[in-house]
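In my numbering, the protein residues as written are 35 to 164.
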């Protein structure tokens, strides 16, 4: 029987500045982060209650918040790259899917985003590069 576990974060509104906009451009009201982290099942199906038995995602969220506010970004992709590197630090993360989106896109509607999926090999390569 195969099993897998994920830690999922949805629609985290980041305090960030991304892009350069002209007078008639639609300026996003929000940049939202979706994050799916695949982690070992044995840190989700635990025999005893306690933080030492699970993946503590709070430091990762704090780092993502820091990165989002760190500087003005020209592109969503650059912030996403830095978030991917932050995920790679944690060896409990086996793979990661990162979605960074902005809204609105046209008028008062729509979201537009970039999605990145890092499998085990891609995360290992990122870990060795960091």
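The beta carbon of each residue, even a glycine, is placed where N, CA and C say it ideally should be. All of these numbers come straight from a predicted model, not from anything done at the bench.
Counting C-beta neighbours from all protein chains within 10 Å, is the total for residue 136 16 or more, i.e. buried, or is it exposed? Looking up residue 136 in the chain shown gives position 102. Label assigned to residue 136: buried.
Which word fits residue 140, buried or exposed, when buried means at least 16 other C-beta atoms lie within 10 angstroms of its C-beta? Your numbering for residue 140 matches position 106 in the chain shown. Result: exposed.
Contained alpha helix (DSSP H) runs [length at least 4] in the stretch 55–130, N- to C-terminal order: 92–104, 110–122
Quick one: Cα of residue 83 to Cα of residue 75, how far? By 1-based counting over the chain shown, the position of residue 83 is 49. By 1-based counting over the chain shown, the position of residue 75 is 41. Distance between the alpha carbons of residue 83 and residue 75 is about 15 Å.
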